[in-house]
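Residue numbers (our numbering): 396 to 514.
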């Protein structure tokens, strides 16, 4: 048994086994934080996909809801029919369209995070 307590200490001088390689390691998050051209391209692709989803929703609204005032103006005076069309014919598709848009936007953001985090 050793008599001096300093004799029992062991100093490990080897390299750590579980380290990440820093040379050649690709970090898109760093590219975005440092606002490089590649980071700008990543953010621009996210914004483009979000804009594409918004324009699709706008196109559906213009095609299906936009002509309704013309249809109502051409119909004879029937205010109850107009409210029925707006309440039961337009409101449910608008809610479904809004749900689709929110899901699409969240999926775009999730894909972007997956692209930035994993490599």
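We put the CB at the ideal spot given by N, CA and C, even for glycine. Bear in mind that the values here come from a model prediction, so they are computed numbers and not experimental data.
To the nearest angstrom, report how far apart residue 462 and residue 456 are at their CA atoms.
Counting from one through the chain shown, the residue named residue 462 turns up at place 67. Counting from one through the chain shown, the residue named residue 456 turns up at place 61. When rounded, the distance between both Cα atoms is 10 Å.
Keeping to the same chain, check which residues put their C-beta closer than 7 Å to that of residue 445; ignore five residues upstream and five downstream.
Counting from 1 along the chain shown, the entry for residue 445 is found at position 50. So the qualifying residues of the chain are 500, 503.
Taking the beta carbon of residue 507 as the centre, do at least 16 other beta carbons fall within 10 Å, making it buried, or is it exposed?
As a first step, residue 507 is located in the chain shown; it is residue number 112 there, counting from the start. Burial check for residue 507: the Cβ neighbour count within 10 Å reaches 16 or more, so the residue is buried.
Give, in chain order, every unbroken run of the alpha helix (DSSP H) that is at least 4 residues long and sits entirely within the segment 435-510.
Fully enclosed alpha helix (DSSP H) runs of 4 or longer: 463-469, 474-479.
Do residue 492 and residue 452 have their beta-carbon atoms positioned less than 8 Å apart in this structure?
Taking the chain shown and counting its residues from 1, one reaches residue 452 at position 57. Taking the chain shown and counting its residues from 1, one reaches residue 492 at position 97. Taking 8 Å as the Cβ cut-off, residue 452 and residue 492 qualify as a contacting pair.
Would you kindly work out how many angstroms separate the C-alpha atoms of residue 466 and residue 460, rounded to a whole number?
Indexing the chain shown from 1 puts residue 466 at position 71. Indexing the chain shown from 1 puts residue 460 at position 65. Here the alpha carbon of residue 466 sits roughly 10 Å from the alpha carbon of residue 460.
Whole angstroms are fine: how far does the CA of residue 437 sit from the CA of residue 454?
The sequence position of residue 454 within the chain shown is 59, counting from 1. The sequence position of residue 437 within the chain shown is 42, counting from 1. Each residue's alpha carbon lies about 26 Å from the other.
Would you mind working out which of 488, 497, 489, 464 sits nearest residue 447, comparing C-alpha positions?
One-based indexing of the chain shown puts residue 447 at position 52. When only C-alpha atoms are compared, the closest one is 497.
What first and last residue would you give for the alpha helix (DSSP H) that runs through residue 402?
On the chain shown, position 7 is the one that residue 402 refers to. Taken as a continuous stretch (DSSP letters only), residue 402 belongs to no alpha helix (DSSP H), as it is neither H nor E.
Could you have a look at residue 431 and say whether DSSP puts it in helix, strand or coil?
What you label residue 431 is simply residue 36 of the chain shown in a count that begins at 1. The DSSP-derived three-state label of residue 431 is coil.
Specify the secondary structure class of residue 406 as computed by DSSP and reduced to three states.
As a first step, residue 406 is located in the chain shown; it is residue number 11 there, counting from the start. Shown here, residue 406 sits in coil according to DSSP, grouped into three states, outside any helix or strand.
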